[in-house]
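In what follows, a single structure is set out as structure tokens and then discussed.
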Amino acid sequence: MEKEMRTPVIAGNWKMNKTPYEAVALANELKNLIKAPRCQVVICPPFLDIPVLFSELNGSCIKMGAQNCHFEEKGAFTGEVSVKMLKESGCSHVIIGHSERRQYFNETDETVNLKIKAAVNGNLTAIVCVGETLEERESEKTEEVIKRQIEGALKDIDELSFAKIIIAYEPIWAIGTGKTAQAAEADVVCGYIRELIAKKYTKQLARTTRILYGGSMNSANAKELLEQYNIDGGLIGGASLKAGNFAEIVSAADSI
Ligand code: 13P
């Protein structure tokens with residue numbers, strides 16, 4: 037089965053939570069609970085936590101990602117962080133185009149595209165987020181929005197770059213609201229993303245690309261979501277801040 041060829045990814049997006057001290061404590065709990073997962077486990081803490089966690093996670097099976105990066109290599113961009121800085125500080129992944137960044141920090145399809153290119157060139161795996169608002173869903177614009185975001189994000193990106201690209205479908209109305217998309221409806225949109233990739237590139241690439249679901253995923257609903265054919269993992273916010281909950285989601289992924 038093709039789904040089995042795609043190693044699931046369980047990624048925790050800590051958002052703006054956990055000071056460096058708190059981050060170390062949470063990372064230690066996670067290390068104790070998650071020993072030898074079959075899926076890939078990534079945590080994405082705030083920038084300032086990354087250097088401390090680098091040594092803390094050294095030798096563990098938990099990988100680290102950032103929540104954003106700049107697309108330029110260096111220069112006069114006050115307050116920004118480059119891919120090279122993240123790489124040197126121990127990151128293997130970076131979340132790009134999260135809806136909160138699109139909503140509050142003027143992230144556009146164009147900057148998302150530039151950031152993906154920068155991440156891939158700098159050898160970081162980009163976790164590229166797309167998703168519709170409630171209003172867009174209710175007016176049946178989900179596919180139109182996802183198509184625009186996917187096409188914008190992947191403009192001039194070649195097939196080879198997909199070795200370093202993961203897509204995350206995060207319906208905005210499901211983020212932090214406790215409202216999860218029904219597993220079947222999330223699967224339909226992830227399947228649509230796969231179709232878009234097949235059309236733009238090849239069927240083979242669409243079959244091997246990993247597509248995650250994010251939005252109120254927790255230990256109670258994870259298994260049903262992760263069992264869906266087109267869902268290859270989760271991008272988890274709130275439930276990634278409690279070691280026990282996050283570890284249970286990792287176990288759910290491993291049980292499929
Ligand atoms: P929640 O799991 O808190 O809904 O957040 C999802 C998310 O935005 C992950 O990036």
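Heads up: the sequence shown begins at 37 in the working numbering, then just goes up one per residue. Beta carbons: idealized from backbone N, C-alpha and C, even for Gly.
Item, Value
"Whole angstroms are fine: how far does the CA of threonine 55 sit from the CA of lysine 18?", "Residue 18 is absent from the structure shown; the chain starts at 37 and stops at 292."
"If you follow the beta strand (DSSP E) that isoleucine 131 is in, where does it begin and where does it stop?", "129-132"
"Three-state secondary structure (DSSP) at threonine 144?", "coil"
"Mind checking whether the beta-carbon of asparagine 94 lies closer than 7 Å to any heavy atom of the ligand SAH?", "This structure simply doesn't include the ligand SAH; it includes the ligand 13P instead."
"Taking 7 Å as the cut-off, is the beta-carbon of histidine 129 closer than that to any non-hydrogen atom of the ligand 13P?", "no"
"When you compare only the Cα positions, how much space is there between serine 197 and arginine 243?", "15 Å"
"Just to confirm, is the Cβ distance from isoleucine 46 to valine 286 under 8 Å?", "yes"
"Using 7 Å as the cut-off, classify the Cβ of serine 252 as near or not near the heavy atoms of the ligand 13P, replying yes or no.", "yes"
"Between Val77, His134, Glu146, Ile202, which has its C-alpha nearest glycine 48's C-alpha?", "Val77"
"Counting only runs that start and end within the stretch 156-186, where is the alpha helix (DSSP H) found for 4 or more residues in a row?", "170-174"
"Helix, strand or coil for glycine 261 per DSSP?", "It should be noted that the sequence gives leucine, not glycine, for residue 261. DSSP places leucine 261 in helix when its eight states are reduced to three."
"Determine the closest residue to threonine 161 out of Met52, Asp290, Thr245, with distance taken between C-alpha atoms.", "Thr245"
"Got a sec, what are the start and stop residues for the beta strand (DSSP E) methionine 100 sits in?", "98-102"
"Taking the beta strand (DSSP E) that cysteine 80 falls in, what are its first and last residues?", "76-80"
"Please report the straight-line C-alpha distance between aspartate 194 and glycine 158, rounded to a whole angstrom.", "15 Å"
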